Ligand code: TEU
Ligand code: CA
């Protein structure tokens, strides 16, 4: 990987919730353009935009009806060109979301495909005959609930959708489809975009023959990824995409790869295989799954988080590192403390996360410690996934209060509430009615406040990123977990040659003692701490305040 890629720090902008420029309540491209200095000053140098293409917005833009058109609610193509130009003028880069596991059912390809079995686009999607009794080909369920198969009378066939039924899966076994995708990728790359974040890319190669999935307790349908996660031709297709498109440009290729082991991930990123630069792991997002999966009232165990992150650090040559994104709860609410220790825990989490080996991804609002939303009724939520799962819980006989509690903890709306810019109307996001609820805590948590205060979370993120960018130990140094057993502390070292940095963080709201391994009881220099405490040596007994985090360079 070349130098700029290794030094990339990615800021994920969820465009519709970032900044609204024309007061229709929806964040847009001119809004984002007006905030580039904010992102640059934080220390990020790459901006990943969630989908901005034409879409009926059934899944907030991850259902694309025209890959080469901008959704008018976000602006025009000339707004995009202007954004790209401004981004490049400031020395930043742009990565677009490439959603090619599926399209919207309103995409021209699908509208044609469903008409008949013998037109140009008939094989662009995955069609199968019904069972002899007319029912769906298999028991596969979709990620958002219900069957993954939908019947179309015109063809007398079912099509596959791993996500919503308005998101039919593309047929990557068809070489014509693959060429159409590559052509579209070249369209954006020729405009000058600097890379892609490839949505659900681990699902693009489907099994030749679909089979019934084993059913777990309470489930009517098989897991959506059964047979499709890292399917038979996945690496072949990505190598072809690399050969035909990616390798012709100096760009960043990031794969979103749910249901992938670290061993499989290494195949995607190992440089001699010419596939992708890095992938998102999901294993550490499963640490608080419950009996029904993602939506649960389970609290994570530190050892699970530590073990998962460490296993990826040890087994994969280059990682995307993240704790939150537009699909996940707010990190301070999930892994820290969004109450009394909101600031301390947000800063500690940033140290532990961003100083691991790999490319840091910061999701908008993390840098000011934004928290989960918490609604009082299901009707207040926007995301289709939340509504489907809530209904599923009620059907299981779970009471409304418990169902809402589980949904509140995990709903994707938590991440999607508008960016909190200041303490005025609608948090300074828009003067119109925002498309989604504003988190009522914007008077306490907002950008303006953080920019004015030299001890803010934002300023702490700046320090972490500044430190990482210019420090070869933190870029290339080997990661080693030093607290495999501790119940309260996550500590690791980064080592390059004879140079070593220790990063240690407490995950508890009380004071704890940590007995430092003997070889680390040394002099040195404290590089960062989220409390006002200065150290020039590490004692054998380290006392950590609530959520204290320390970065220390050893002599
Ligand atoms: O998510 C892919 C994914 O695997 C989902 O299971 C995701 O983890 C889930 O939404 C969490 O509940 C990507 C996008 O990031 C997501 O926003 C889209 O809804 C999805 O693909 C379909 O495009
Ligand atoms: Ca707008």
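In the UniProt record's numbering, the protein residues as written are 1 to 555. Glycine included, every Cβ here is placed at the ideal spot set by N, Cα and C. Computed from a predicted model, the values in this text were never measured in an experiment.
Boundaries of the alpha helix (DSSP H) harbouring residue 239: 234-244, taken from the DSSP string. Set against 8 angstroms, the gap from the CB of residue 143 to the closest heavy atom of ligand 1 is smaller. With a threshold of 8 angstroms, the Cβ atom of residue 55 does not count as near ligand 2, since no heavy atom of the ligand is closer than that. For the 9 angstroms CB-CB criterion, residue 349 and residue 384 do not form a contact. Cβ contact annotation for residue 330 (same chain, cutoff 6 angstroms, sequence separation greater than five): 370, 371, 372, 414, in chain order. In the three-state reduction of the DSSP assignment, residue 268 falls in the helix class, which pools H, G and I. Boundaries for residue 64: no alpha helix (DSSP H) harbours it, and the DSSP string shows neither H nor E there. As for any beta strand (DSSP E) of minimum length 3 sitting wholly inside the region 182-208, the runs are 195-198, ordered along the chain.
Under DSSP, residue 13 shares a beta bridge with 49. With a 10 Å radius around the Cβ and a threshold of 16 neighbouring Cβ atoms, residue 98 comes out buried.
Separation of residue 464 and residue 340 (C-alpha to C-alpha, rounded to the nearest whole angstrom) is 23 angstroms. In this structure, residue 296 has its beta carbon at no less than 8 angstroms from each heavy atom of ligand 1.
When rounded, the separation of the alpha-carbon atoms in residue 544 and residue 513 is 6 angstroms. Uninterrupted alpha helix (DSSP H) stretches at least 4 residues long and entirely within the region 295-366 occur at 302-315, 331-334, 342-354, given in chain order. Excluding its 5 nearest sequence neighbours in each direction, residue 295 has C-beta neighbours in its own chain below 7 angstroms: 389, 406, 407, 410, listed in chain order. Per the CB criterion, closer than 6 angstroms to any heavy atom of ligand 2, the qualifying residues run in chain order as 20, 21, 22, 24, 26, 28. In terms of side-chain proximity, the C-beta atom of residue 282 is found nearer than 8 angstroms to a non-hydrogen atom of ligand 1. Distance from the C-beta of residue 269 to the nearest heavy atom of ligand 1 is not below 8 angstroms. Judged by DSSP in its simplified three-state form, residue 255 adopts strand.
Here residue 4 is exposed, its C-beta having fewer than 16 other C-beta atoms within 10 Å.
Residue 163 has its alpha-carbon roughly 12 angstroms from the corresponding atom of residue 105. Around residue 158, the same chain offers 127, 128, 129, 130, 136, 137, 149, 150, 151, 152 as residues with beta carbons nearer than 8 angstroms, after the five sequence neighbours per side are excluded. Under DSSP, residue 293 forms a beta bridge with 290. Within the region 100-181, the complete alpha helix (DSSP H) segments at least 4 residues long are 108-113, listed from N- to C-terminus. One thing to note: residue 179 has its Cβ no nearer than 9 angstroms to the Cβ of residue 59. Contact annotation, residue 518 with residue 553: C-beta distance approximately 18 angstroms; criterion of less than 8 angstroms not satisfied. The DSSP-derived three-state label of residue 21 is coil. In its chain, beyond the 5 residues on either side, 288 have a beta carbon closer than 8 angstroms to the beta carbon of residue 299. For residue 473, there is no enclosing beta strand (DSSP E); the residue is part of the alpha helix (DSSP H) that begins and ends at 472-476. Under the three-pair Cβ rule at 8 angstroms, the region 386-403 does not count as touching the region 303-317. Exclusion of the five residues before and after residue 304 leaves 287 as the residues of its chain whose Cβ lies within less than 6 angstroms of its Cβ. Going by beta carbons, residue 491 and residue 483 fall inside the 9 angstroms limit. Per DSSP, residue 389 lies in no beta strand (DSSP E) segment; the continuous alpha helix (DSSP H) that holds it begins and ends at 384-395. With 16 or more neighbouring CB atoms inside 10 Å of its own CB, residue 161 falls in the buried class. Sequence-distant partners of residue 333 (beyond 5 residues in either direction) whose C-beta falls short of 6 angstroms from its own C-beta, in its chain, are 371, 372. With fewer than 16 other Cβ atoms from the protein chains shown falling within 10 Å of its own Cβ, residue 77 counts as exposed.
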